[in-house]
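Residues in the sequence shown are numbered consecutively from 5, following my numbering.
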Amino acid sequence: METTSVEKQIKEIEDEIFNTQKNKATEHHIGKLKAKLAKLRDEVEKRKSAGGKGKGFGIKKSGDATVGLIGFPNIGKSTLLNHITDAKSRIGNYDFTTIDAIPGMMKYNGAKIQILDLPGLIAGASEGKGRGREVISAVRNVDLIIFMIDAQFDDNLDIMNKELYNAGIRLNQEKPDIVIKKNARGGINVTSTVKLTYMDESLIKAISSEYLINADVVVRDNITEDQLIDFFAGNRTYVSVIVVINKIDLISEKELQKKINNIKQRGWKTVAISALRGIGINKLKEMIFSELNFIRVYMKPVGKQVDFNEPLILKKGSTIEHACTKLHRDFKRKFRYASVSGPSAKHDIQKVGLEHVLEDEDVLTIIISR
Ligand SMILES: Nc1nc2c(ncn2[C@@H]2O[C@H](COP(=O)(O)OP(=O)(O)O)[C@@H](O)[C@H]2O)c(=O)[nH]1
Ligand SMILES: [Mg+2]
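What follows is the structure, given as structure tokens:
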């Protein structure tokens, strides 16, 4: 009963937005309607994922990062996975609804990168078609997405983007920089630190009033209405995507260039490959590595040589504390100090504490108490 009423409300608001002409006089009203709509859609989303089907594939994360490989069936995902990782995924035609996600480990530049072959992202996935819900919850937990498309056909990026968007996943978008300070009284005050071109402060105030009563709202990005609503909704996942064009052995150079340009126009990164023939694979690996924002830290145990062969792989912005946590569970507790040489150090063998921020290709020694 309640189900139909929420869906009915959604439909009514959608109709109202559709039938209201957008101009200066109606934009506040429409902005508020959009916020209401987002709340109702989130309610439906929450109910669906509580149904038990949204648990993901139950694959344990391992390695330095996890990448989700998604795309329609028969595009070459398994072929690529078998090529770049240690996985053995079945290739060819089968019913995609019966197959599970398959993990494989790719080694590159000393990093171990887990790649999940996630089958079954089809149109309607966010509504639960195929194993769409599971794919979507797996996507929420990855560090990077690879969208694979078939060079021979239309790119389908809008369909995939829409399915993920409906599930609250935002591709290649930064989380908007907005600061809220709640107050006891005084209503809503909006200020901005940048020039706003998509919406003015009064519209931001109108939408904010759907979520806040008394607060200072400081906007530090040139945001759109949708981004503001996303911010308040709170449960959005922001993740980067690389578009991989596969089967380039089957099209001409000219056709390929057109495809590449289309994707670049969206501001998305892309790389062209043939998983079957092994073309473009190294470029793809390089792009994955660089999109994951890794840094390599070479460890120098006390009184021993620097280990340049197996660097410690960390995320950009990591501190000595992060390094300790990754190295050994006792290191943080027993930590005395560290010495760093290289890009992050003021001078060679600089003595630093847990809060020191490391950089790519630092050399690190950790001194612990015995
Ligand atoms: N010509 C060509 N065929 C490919 C390429 N990559 C994969 N295929 C073929 O496409 C079919 C589907 O591949 P598969 O990896 O099972 O696709 P998946 O369903 O996305 O996992 C298989 O027959 C592959 O041999 C490629 O780069 N070029
Ligand atoms: Mg497959």
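Cβ coordinates follow ideal geometry from the N, Cα and C atoms, glycine included.
Leu318 is a Cβ neighbour of Lys330, given a cutoff of 8 Å.
In the three-state reduction of the DSSP assignment, Val223 falls in the strand class, which pools E and B. Three or more pairs of CB atoms, one per stretch, sit closer than 8 Å, so the segment 142-150 contacts the segment 61-70. Annotation for Phe293: the continuous alpha helix (DSSP H) segment containing it runs Ile285 to Glu295. Taking a contact as a CB-CB distance under 8 Å, the pair Ile74 and Leu41 does not count as one, their CB atoms being some 27 Å apart. The residues Asp159, in chain order, have a CB closer than 8 Å to that of Asn266 in the same chain once the five nearest residues on each side in sequence are set aside. Following the DSSP letters along the chain, one finds Met110 in no alpha helix (DSSP H) but inside the beta strand (DSSP E) bounded by residues Ile106 to Tyr112. The beta-carbon separation of Val344 and Leu316, rounded to 12 Å, does not stay under the 8 Å limit for a contact. Nearest Cα to Leu120 within the set Gly114, Glu138 and Phe157: Glu138. Taking 7 Å as the cut-off, the C-beta of Arg281 counts as close to a heavy atom of ligand 1. Our two residues, Asn226 and Glu290, have alpha carbons roughly 32 Å apart in a direct line. For secondary structure counted as the beta strand (DSSP E) over 3 or more consecutive residues, the segment 283-357 holds these complete runs in sequence order: 298-303, 311-319, 339-345 and 354-356. Val198 sits in coil when the DSSP states are folded into three classes, being neither helix nor strand.
DSSP lists Arg174 as the beta-bridge partner residues of Tyr242. For the pair Pro107 and Ile63, the CB atoms are nearer than the 8 Å cut-off.
DSSP, read as helix, strand or coil, puts Gly75 in coil.
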